[in-house]
Each structure stands twice: as C-alpha cells, then as structure tokens.
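In what follows, a single structure is set out as structure tokens and then discussed.
In structure tokens form, the structure reads like this:
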C-alpha cells in the first residue's frame, strides 16, 4: 500500500557526516575520544530531529548549565528547551 518506505535513505543521510569524517577519527587519541565524538554526534542529531538548531542549543546549554541543578539535567534535552531556542 506504500505506507512504508522500502529504502533507508533517511538513515544513510543521518550517517553521512560520520562516514565523511571517518578518516579523521583515527586521530581521536583513544577509544574514549571516539566515544565522546559519538556522544556529540548523537546530541546534535537529536537536536536536528527535534527541529532545534544544534549550535543555538549547545550555546544555550553551555550558558545555563553551571547554575542548573544536576538532578534536573533533562531540562536541557532539545525537546524540553526548544521553546527557549530559535528553530532550526
């Protein structure tokens, strides 16, 4: 009935940046560097998927996190602070 796409173009587009930068990741320093890069890619991808500009979101988080209670860190998830940030 055509309700489900038969290709994985969306997944391939999402991983394009990782594939392009793969050569540079050899110099992450250690496995932990690669893990940190993966975490950042995940956060940026989550912001994009929620219609939030990743740069604006990161600026917002870095500006406000020092004075924020550690038990409410989920307030900084892109979908929770999207109203305070300009849309992507």
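In the working numbering, the protein residues as written are 14 to 101.
Note that the Cβ used here is the ideal one computed from N, Cα and C, for glycine as well.
- Does the separation of the CB atoms of residue 63 and residue 24 fall below 8 angstroms? no
- At which residues does the alpha helix (DSSP H) containing residue 21 begin and terminate? Looking at the DSSP string, residue 21 is not in any alpha helix (DSSP H), and its letter there is neither H nor E.
- Can the beta-carbon of residue 73 be found closer than 8 angstroms to that of residue 97? yes
- Message: Below 8 angstroms on the Cβ atoms is my contact criterion, and I expect residue 27 with residue 58 to pass it. Report the Cβ-Cβ distance as a whole number of Å.
- Response: 6 angstroms
- Message: Using CA atoms only, rank isn't needed, just tell me which of 29, 89, 84 and 20 is closest to residue 75.
- Response: 89
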